[in-house]
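Protein chains in written order, with our numbering: chain A, 1 to 339; chain B, 1 to 339. Read through the structure below, which is laid out as structure tokens, and then see the notes.
There are 2 protein chains.
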Amino acid sequence: MDGERRPTLEAVARHAGVGRGTVSRVINGSERVSERTRQAVQSAIEELGYVPNRAARTLVTRRTDMVALVVSESEERLFAQPFFAGIVRGVAGVLAERGLQLLLATARTAADHERLGDYLVGGHVDGVLLVSLHADDPLPGRLTAAGIPFVLGGRPAHPGAGAVHYVDIDNVGGAELAVRRLAGTGRRRIATVAGPADMPAGQDRLEGYRRALEEAGLEADPALVARADFSREGGERAMRGLLESAPDLDAVFAASDDMALAALRVLREAGRRVPEDVAVVGYDDADLAAGADPPLTTVHQPTERMGGEMARLLADRALSRAAPEGVVLETRLVVRASG
Amino acid sequence: MDGERRPTLEAVARHAGVGRGTVSRVINGSERVSERTRQAVQSAIEELGYVPNRAARTLVTRRTDMVALVVSESEERLFAQPFFAGIVRGVAGVLAERGLQLLLATARTAADHERLGDYLVGGHVDGVLLVSLHADDPLPGRLTAAGIPFVLGGRPAHPGAGAVHYVDIDNVGGAELAVRRLAGTGRRRIATVAGPADMPAGQDRLEGYRRALEEAGLEADPALVARADFSREGGERAMRGLLESAPDLDAVFAASDDMALAALRVLREAGRRVPEDVAVVGYDDADLAAGADPPLTTVHQPTERMGGEMARLLADRALSRAAPEGVVLETRLVVRASG
DNA sequence: ACCCGCTGTGGGAGCGCTCCCATACAGCGA
DNA sequence: TCGCTGTATGGGAGCGCTCCCACAGCGGGT
């Protein structure tokens, strides 16, 4: 296939007229090497085109310089723009700086999930980045038991489960931003299409909605709250429900852009004009928000920064067994025409 | 940290009362082991919770069971929905079936790119998947020289560069689908906002446009063709240009959804109704297409299948040094309201 | 003159696995 | 009874690296 073997550290040592230990020291940047020797070794490396064998190093150091990014593919939403791409981008950038490789691990079925757990606790990676975790996911527990450092994307579902590293986006604050805008532009009957109650993002955005209402001195009417699952179909149902339970609504805060888009459609069908009769604000700043009719006012999440912070936390703190830390990132309101 | 060492193959052998060789044979599924012994080894593995050490295996076999997916991050477009997510999904699924790990490698700067090349030819992966390659990218050359198997996403830019494995999406056919639809619904002055001339996707979609026009017996008027770079801004400029060079146009085929969206805006500004006065068809079936006003008719690309085929080609053919193969996937027209 | 400590260096041991040769043993025909 | 095959098994060698101990050489203090 590819002819002769690649040069080994031994070969470099011979070529430079030094011992193996010395070459190893040069490669790993130990300062216990004279400048002359270092030069000699460096040029030998160059001449031979030497590249260290990672497997051999891993075998003895027990470090793999590899970090896994775990995503549950069952969580379709995660793969939606711009979340996934942003996270990956942020993670990849920071890991590259730290000389770490990114292993992308996805699990579709429960069996996949099991196997993935085996792999991760099998010592094949130095650390793990977890996004889109379900509340009942066994992975954090297994990783903790095996002593594998990890960082969560999103806040821990069980606060009591012990301190962990995590990076979250301020969902409460983001929702407040949205609803405050609605209240600030004179809306008084502000409804919400909320997310599922069993997801932190769903809970927190609803909490933000409530706080902003209270802050504005508006009544918290249960008829103004409908639950859905972040999807377009769910949003459609929820919006129809709202129109019945609270026909006098003059604004809608949807906890996802998909649901906001659905709301737009349902409202138009019902003969309400947006934003004249009803203002609509979404959440995510997805691609489709800008193209919607009318263009959607929405809450932008710093996904790339989130990925970056997660990688940073893992590389700089979790891997060195520092005390767990939580980082919360701020959102930003993108004002367009819908509300 | 994590207490005692993980059990080794040696430990399993002792526990089962056999030799190392036998355990190794069981793990690697050799048939030269008696059923009784196999059972004994299996239960020893289970009891001890043994997981093979990949590094040690790699050290001797020179296989890593790792495949790199390389994306140039400079290519912003790639990270756009739904391309990237689809590819990743398809690749991940097939690799998991084959017991291969997915290493995601991105390169932002030229220096990154250089380092990435070093890494890939350094024997750290068994094979490479390349997407969004620039015509002048040195990676394929380096990989070929180093004897590392790889598969291209998209057709090779230099057909003369020797046969390579690749998976492409039928851009010519996709464009034909779009333009045929326009001609079929009675449009006679069909313009196009084409992609860049130095990208295969740009060239091929323009070629498809031309063929479909000819097929429909329509005149190929240069005033009906404007070039852009697939972006929204570029599309806006190009559409304005078309409105000047061919004010009588009654349809537009845009080579990307972003450009189609821009065209929609420019046309509305110019007082043309879509689809009544001017029909518009896009390309990509991006998220924003469905939310556009009016919802965009567009060409859907099988991105997940593309990723899957790439992984399959690499795992089943390239890794075993089979003769290079090209696979071309078909597109599908998604008819919505715009054209 | 001596010894002590410090820096730079060489190289043995060993990480956990696979490869492969040697060996043990059962079965069978002569 | 004695080979002779063929199959199941044990274990040495070695993959390429890091770790760490040993040691040479050089000042400088006593």
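Every residue gets a Cβ at the ideal spot worked out from N, C-alpha and C, and that includes glycine.
* Using the beta-carbon of each residue, which ones in chain A are nearer than 7 Å to residue 58 of chain B? -> 55
* With residue 304 of chain A and residue 170 of chain A assumed to form a contact (beta carbons below 8 Å), what rounded beta-carbon distance in angstroms separates them? -> About 16 Å separates the two Cβ atoms, so there is no contact after all.
* Taking the C-alpha atoms as reference points, what is the distance between residue 299 of chain A and residue 201 of chain A? -> 13 Å
* Does any CB atom of chain B fall closer than 8 Å to the CB of residue 113 of chain A? -> no
* Apart from the five residues just before and just after residue 320 of chain B, which ones in its own chain have a Cβ nearer than 7 Å to its Cβ? -> none
* Confirm, please, whether the CB-CB distance from residue 295 of chain A to residue 337 of chain A is below 8 Å. => yes
* If we ignore side chains and look at the alpha-carbon of each, how far apart do residue 63 of chain A and residue 126 of chain A end up? -> 6 Å
* Could you spell out where the beta strand (DSSP E) holding residue 239 of chain A opens and where it closes? => No beta strand (DSSP E) holds residue 239 of chain A; the alpha helix (DSSP H) holding it covers 232-245.
* Roughly how many angstroms separate the alpha carbons of residue 257 of chain A and residue 174 of chain B, rounded to a whole number? -> 29 Å
* Would a check of beta-carbon distances place residue 301 of chain B closer than 8 Å to chain A? -> no
* To do: Quick one: measure Cβ to Cβ for residue 90 of chain A and residue 308 of chain A, integer angstroms, because I've assumed they're closer than 8 Å.
  => 4 Å
* Is the Cβ-Cβ distance between residue 182 of chain B and residue 151 of chain B less than 8 Å? -> no
* C-alpha gap between residue 274 of chain B and residue 220 of chain B, whole angstroms -> 23 Å
* Under a three-way DSSP split, which group does residue 166 of chain A fall into? -> strand
* To do: Label residue 60 of chain A either buried or exposed according to how many other C-beta atoms from any shown protein chain fall within 10 Å of its C-beta, with 16 as the threshold for buried.
  => exposed
* Cutoff 6 Å; reference residue 107 of chain A; Cβ partners in own chain excluding five residues on either side -> 72, 113, 116
* Following the continuous beta strand (DSSP E) through residue 12 of chain B, name the residue where it begins and the one where it ends. => Note, residue 12 of chain B: premise wrong, no beta strand (DSSP E); alpha helix (DSSP H) at 9-16.
* Kindly indicate which three-state DSSP category residue 174 of chain A falls into: helix, strand or coil? => helix
* What are the partner residues of residue 306 of chain A, as DSSP defines its beta bridges? -> Beta-bridge pairing links residue 306 of chain A to no other residue.
* Three-state class that DSSP yields for residue 22 of chain A in the structure shown -> helix
* Asked: For residue 185 of chain B, does the count of other Cβ atoms within 10 angstroms reach 16, so buried, or fall short, so exposed?
  -> exposed
* Asked: Taking three-plus beta-carbon pairs below 8 Å as touching, is the stretch 5-16 of chain A in contact with the stretch 30-44 of chain A?
  -> yes
* **Buried versus exposed, by CB contacts within 10 Å (16 or more), residue 136 of chain B** => exposed
* Check whether the Cβ atoms of residue 187 of chain B and residue 251 of chain B sit closer than 8 Å, and answer yes or no. => yes
* Residue range of the beta strand (DSSP E) that residue 334 of chain A falls in? -> 332-334
* Any beta-carbon of chain A closer than 8 Å to the one on residue 92 of chain B? -> yes
* **Coil, strand or helix - residue 301 of chain B by DSSP** => coil
* To do: Compile a chain-ordered list of the residues in the stretch 118-139 of chain B whose CB is closer than 9 Å to at least one CB of chain A.
  => 118, 119, 121, 122, 123, 124
* Would you kindly report the start and end of the unbroken beta strand (DSSP E) that includes residue 152 of chain B? => 150-153
* DSSP-derived helix/strand/coil call for residue 37 of chain A -> helix
* Could you check where the beta strand (DSSP E) with residue 90 of chain A kicks off and where it finishes? -> Residue 90 of chain A -> not in any beta strand (DSSP E); alpha helix (DSSP H) instead, spanning 83-97.
* To do: Note down the Cα distance separating residue 11 of chain A from residue 204 of chain B, rounded to an integer number of angstroms.
  => 50 Å
* **Separation of residue 237 of chain A from residue 228 of chain A, as counted between CA atoms** => 8 Å
* **Cβ contact (3+ pairs, closer than 8 Å) linking the stretch 280-290 of chain B and the stretch 281-293 of chain A** => yes
* Report back the beta-carbon spacing between residue 226 of chain A and residue 241 of chain A to the nearest angstrom; my notes put them in contact at under 8 Å. => 5 Å
* To do: Using a threshold of 8 Å, state whether the C-beta atoms of residue 263 of chain A and residue 234 of chain A are closer than that.
  => no
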